[in-house]
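Reminder that position 10 of the sequence shown reads as 10 in this note's numbering, one-by-one numbering, no gaps.
Just below is one structure, and these are the notes that go with it.
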Amino acid sequence: MPTAVVHGEHDPARTIEHARELSNAIPGSCLHLLDTGHTSCAEDPDTFAAILRSVAQAD
């Protein structure tokens, strides 16, 4: 199953290392770091939507 881990580089609740650990624990996942805080989907909806589209179109 295609999986994207999307994480805000300025997230005060979780570190980038947390995001890397999660991505590494999901075989084949891709980590996307955005210039956002904890709510990447609200702070950068266009980039977030593009990531979702790329996951939905993955073979």
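Glycine is no exception: its CB is placed at the ideal position from the N, C-alpha and C atoms.
Just so you know, these numbers come straight off a predicted model, no measurement behind them.
In the DSSP assignment, H10 falls outside any beta strand (DSSP E), carrying neither H nor E.
Annotated three-state conformation of H32 is strand, per DSSP.
Excluding sequence positions up to five before and after F48, its CB lies within less than 6 angstroms of the CB of S40 and C41, all in the same chain and listed in chain order. Shown here, A49 sits in a helix according to DSSP, grouped into three states.
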